[in-house]
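So the structure is just underneath, and the comments pick up after that.
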Amino acid sequence: MAANVSDEDISRAVLGFVTEGTFPESEDVVAAEFQGTVVQTALHEFSKAREEVENEIRTLSRETATDVEGWVIQARKLHEDIERSRLTAREIVRQHEEGKILQTQTQDATNKVETMRDEIAFNQSLSETLLEIRRIDRLAASIHDALAKDQLIKAIDTLEELDSLLAQPPLPLNCAVIGILSGNAAKLRHSVIAALRQKWDILVKVDARTGTMTIAANHSELEALLSGLTKLGVLGSVTNTFNKSLRVYILDPILLPKDLTVTRTLSLEGDTLKVVELSEPSIATVSSSILSLLGYLKARLPATVTTPLSATLIPYITSSLISRWLSPAIPVGVVGMGDFQSTIDSALQLAADISNAGWHEPGDLISWTNQIPRLWLQQRRVRSLDEVRNALSASGGDTRKVERIEKQNVYQNDEMFTETTMDDDWDAGWTDEKDEQADTTAKAEVADEEEDVSAWGLEDDDSTALEPDNKEKPTEEEDDPADAWDWGDENEDEEPISNETAITPDTSKQINGKENKPSPKREIILREFYTITDIPEAILAIITNHVADADSLKQPEYAKLKIASSAPALLALPTLVIAMYKATAPLFYSQKFKGGQMFVYNDSMYLAEQLRQLMETHDLQKLKPDIETLEKFGRIAYGKEMQTQRTILSDLLDVGQGFSNCSAQPYLGECENAISATVDRVRGVHKEWQSILSHSALLQSIGSLLSTIIDKMIIDIEDLSDISEAESQRLAAFCNDISKLEDLFLPEAKDENEPVPMTAMYVSNWLKFQYLMNILESSLADIKYLWTEGELKLEFSPEEVVDLINALFADSDHRRRAITEMRRASRS
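For reference, each letter of the sequence shown is one residue, going 1 to 828 in UniProt numbering.
Written out as structure tokens, the structure reads:
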């Protein structure tokens, strides 16, 4: 609680705050309550303090009374001085105002003087401008008058004077008067130029209708005209127009006639040069016309025209002459090159005459003569490609039979080849060792080039087991598969061994139980016919022509020709021809020939054979790689066709869905349709190829397709985990339907004996297929007998037979014992 504070203490604190602005130091005073009694005490203190201040002021006033009076006197003097200064200032202001009025009047008078001076200067300038305009107008009138009087030189000089005046106009360029004058001057300039052009057309006239050109002989007038054109800067435009007219109406009818049977030349009649027709076109006539034209221009036109004209006219003449006359005249063959040499000499003489006449040097013409060998080869190249394309596109689809002759060495004890011809008996059977060897050898002898592409390493080896060849091949010990594409060109000293012979000895040994004994050999000749189109002969003719021309260039009579050095390059064109044939053949053959890929194969092999003979005759080792690529191209075409047919046959068999549930509908119908469609497809392909391929190639091709069918059927049947008796009968029937295709493998019978199918020779898995039918129709005991006593194990592995037994027969002790005995027999 705050201590008691007296009213006097509070009043003094308030007084101190009012008079001195101080706060009380005692916290008790600050915290004390301000009572109503304090107000009275405070007012008393205020009154007391005021009285003290008033007394103090009075005392001070009495002490400073004398000083105040002096201050008052000084103040009065100051007031008087201020009044005098105020009057002076007012006078100054008045005088200043009067000066401004006088200054304004003076400035106004000055402005009027300047205005008068400007008016005088404007009048003088206007007078001068009007005089200049009058002068310009008179010059324009003078130009009109000169044009009317045909005084072109005067008009040009006056126009130059007018242009110089307008170049420094007396008025601004944006002035309307100057715009009008400039427009009039431009019109006058156009009029002068038009008059000059009209004069030029009179002096130098090119008539498009009559094909004539007339240049006046008045050189002085032409010189003056050209001087005027130069001054006006239109000489280039005039000469360009003249150059264009000269090309279109004079040169083009001579250099670029629309009809080459009718040529034209130039005839000079007075001052007129006229285009006239000739009945016998020749390069000499064209060259003479060119020289006549250039001589006429040189004699009639000054250098101011011929110099710029030469830079464009001569290149145009030479390029047109080369493209329309000289290059087409290059003979395609060698025979006409002797006569063409005179054309080359004429071209060189023409170039020399043009240069000597003072015209632009015809470098293109000289360059063309130096490039004759390259141009000739280029023309041969283009012609060759066009001939190949025409040979393919123009083919009428004609075909013919050709004979293939092959020599083979066979054992003398082979009864098949005791005669000089192929009148052999193929139905000797499969049980006699001697006959088996004869069949195997015969298979090798009749094998021909048209083998499956698998024989060349382009497909899986399991798709075919027959790889015949009609040429010498490397021995079995060679591992390089690329040698399968070689036809013995590099190994001609080796003994020819066909793939058939290399494959079949072990099989013969296994089937017959003993090896063949070697015996002396003898050479036989095998002949077969196959079909080719009319295209190979056309291609061969193209290549032969190149080779013949290359040989001709080596003769002494052609040694001096420019193309004599092109003989080696000419021998490179057969490569281009073969490449063009390979690039375009697939398309054209597919459009023109049924079975086009097989025709591609036959034609390629025939063409390769003919080219090999050509290579040997002319010692053209460069052709060897091309021949090999051509043979490879044919084999690839053959392989593509075979693969296509395999794919189709596989798709047809896939309809049967792996022969699952083949005894129940609807699966039975699907399987029957699949087998029927497959058989029909094979017979259709056989019918189509029968007229194309040789007999041995046909048998091998169909055999490869049949092997594909059999492989798929064997795999599908072996994949069946359970085969009922009904299904077994159906499967055997399906296999029997396929087996009926063996009538396609009959030999070409040449006697009255019934031929025996050679299916097993061309279908690698035929015996296995026959055994499969036996398994499907046999009892367990029969199967065990075939395995232990027969030759079933030669075709099937133990696992295959066991799987078939498990699928065909229910589980029993008898089945288990049979399987055990068969396993024991296979191990022994």
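Beta carbons: idealized from backbone N, C-alpha and C, even for Gly.
Taking the continuous beta strand (DSSP E) assigned at residue i, which residues delimit it?
{"i": "ASP207", "result": "204 to 207"}
Below 8 Å on the Cβ atoms is my contact criterion, and I expect residue i with residue j to pass it. Report the Cβ-Cβ distance as a whole number of Å.
{"i": "LEU273", "j": "TYR249", "result": "Not a contact, Cβ separation roughly 11 Å."}
{"i": "PRO755", "j": "LEU746", "result": "5 Å"}
{"i": "ASN765", "j": "ILE714", "result": "7 Å"}
{"i": "LEU649", "j": "ALA674", "result": "Contact flag wrong, Cβ pair sits at about 10 Å."}
{"i": "ALA538", "j": "ALA391", "result": "4 Å"}
{"i": "LEU232", "j": "THR304", "result": "Not confirmed; about 14 Å, so no contact."}
{"i": "ASP364", "j": "SER319", "result": "6 Å"}
{"i": "SER11", "j": "ALA42", "result": "4 Å"}
{"i": "VAL685", "j": "GLN645", "result": "6 Å"}
{"i": "SER292", "j": "LEU266", "result": "5 Å"}
{"i": "VAL29", "j": "VAL5", "result": "6 Å"}
Considering residue i, what are the terminal residues of the alpha helix (DSSP H) in which it resides?
{"i": "residue 842", "result": "This structure cannot speak to residue 842, because the chain is shown only from 1 to 828."}
{"i": "GLN645", "result": "623 to 654"}
{"i": "TRP787", "result": "780 to 788"}
{"i": "ILE252", "result": "First, the residue type needs correcting, since residue 252 is Asp and not Ile in the sequence shown. 252 to 255 is the span of the alpha helix (DSSP H), which, as asked, contains ASP252."}
{"i": "residue 855", "result": "No answer is possible for residue 855: the residues shown for the chain start at 1 and end at 828."}
{"i": "MET758", "result": "From DSSP, MET758 is part of no alpha helix (DSSP H); its letter is neither H nor E."}
{"i": "LYS231", "result": "219 to 232"}
{"i": "VAL30", "result": "27 to 31"}
{"i": "GLY595", "result": "Neither: GLY595 is in no alpha helix (DSSP H) and is coded neither H nor E."}
{"i": "TYR667", "result": "667 to 690"}
{"i": "PHE242", "result": "235 to 246"}
{"i": "PRO24", "result": "No alpha helix (DSSP H) contains PRO24, which DSSP labels as neither H nor E."}
{"i": "HIS360", "result": "Per DSSP, HIS360 belongs to no alpha helix (DSSP H) and is neither H nor E."}
{"i": "THR306", "result": "303 to 321"}
{"i": "SER6", "result": "Unbroken run through SER6: none, as it is neither H nor E."}
{"i": "ARG823", "result": "813 to 827"}
{"i": "TRP376", "result": "372 to 393"}
From the DSSP output, which residues share a beta bridge with residue i?
{"i": "MET213", "result": "VAL206, LEU273"}
{"i": "PHE529", "result": "GLU403"}
{"i": "ILE709", "result": "For ILE709, which the question treats as bridged, DSSP gives no partner whatsoever."}
{"i": "LEU268", "result": "LEU273"}
{"i": "THR263", "result": "LEU278"}
What's the C-alpha gap between residue i and residue j?
{"i": "GLY333", "j": "LEU540", "result": "16 Å"}
{"i": "ASP9", "j": "GLU52", "result": "20 Å"}
{"i": "GLU688", "j": "LEU705", "result": "14 Å"}
{"i": "GLU160", "j": "LEU188", "result": "11 Å"}
{"i": "ASP551", "j": "SER566", "result": "11 Å"}
{"i": "LEU587", "j": "GLY596", "result": "9 Å"}
{"i": "ASP603", "j": "THR533", "result": "7 Å"}
{"i": "GLU495", "j": "LYS407", "result": "With a pLDDT of 32 at GLU495, under the threshold of 50, the modelled position of this residue cannot be trusted, and the question is left open."}
{"i": "GLU445", "j": "GLU528", "result": "Since pLDDT at GLU445 reaches only 35, below the 50 mark, its modelled position is unreliable, and the value read off the structure follows with that caveat. Roughly 11 Å separates the two Cα atoms."}
{"i": "LYS712", "j": "ASP654", "result": "9 Å"}
{"i": "LYS740", "j": "ILE525", "result": "33 Å"}
{"i": "GLU33", "j": "PHE46", "result": "20 Å"}
{"i": "ASN661", "j": "LEU699", "result": "34 Å"}
{"i": "SER125", "j": "LYS112", "result": "20 Å"}
{"i": "GLU114", "j": "GLN103", "result": "16 Å"}
{"i": "ARG817", "j": "LEU693", "result": "52 Å"}
{"i": "residue 839", "j": "THR59", "result": "Only positions 1 to 828 of the chain appear in the structure, and residue 839 is not among them; the question remains open."}
{"i": "GLN610", "j": "GLU800", "result": "50 Å"}
{"i": "GLU795", "j": "ARG827", "result": "16 Å"}
{"i": "ALA357", "j": "ALA585", "result": "55 Å"}
{"i": "ASP435", "j": "LYS784", "result": "Because the pLDDT at ASP435 is just 38, under 50, the model does not fix this residue reliably, and the value given afterwards should be weighed accordingly. Rounded to whole angstroms, ASP435 to LYS784 spans 29 Å at the Cα level."}
{"i": "SER724", "j": "ASN736", "result": "18 Å"}
{"i": "GLU20", "j": "ALA31", "result": "20 Å"}
{"i": "LEU139", "j": "VAL204", "result": "30 Å"}
{"i": "PRO257", "j": "LEU321", "result": "11 Å"}
{"i": "GLY639", "j": "TYR589", "result": "16 Å"}
{"i": "ARG635", "j": "PRO574", "result": "20 Å"}
{"i": "GLN74", "j": "VAL68", "result": "10 Å"}
{"i": "LEU385", "j": "LEU553", "result": "22 Å"}
{"i": "LYS592", "j": "GLN613", "result": "28 Å"}
{"i": "GLN770", "j": "THR399", "result": "39 Å"}
Is there at least one Cβ from chain D nearer than 7 Å to residue i's Cβ?
{"i": "THR230", "result": "Given the protein chain composition of this structure (a single chain), no chain D is represented."}
(message) Whether or not the segment 278 to 285 and the segment 239 to 249 are in contact is what I'm after, with contact meaning three or more pairs of Cβ atoms, one per stretch, closer than 8 Å; do they touch?
(response) Output reads no: the segment 278 to 285 does not touch the segment 239 to 249.
(request) May I ask you to verify whether the segment 676 to 693 touches the segment 723 to 734, counting CB pairs closer than 8 Å and requiring at least 3? (result) When C-beta atoms of the segment 676 to 693 are compared with those of the segment 723 to 734, fewer than three pairs fall below 8 Å, so the two segments do not count as touching.
(request) Please confirm if the segment 349 to 365 is in contact with the segment 567 to 587, defined as three or more CB-CB distances below 8 Å between the two stretches. (result) Contact fails: fewer than three Cβ-Cβ distances are below 8 Å.
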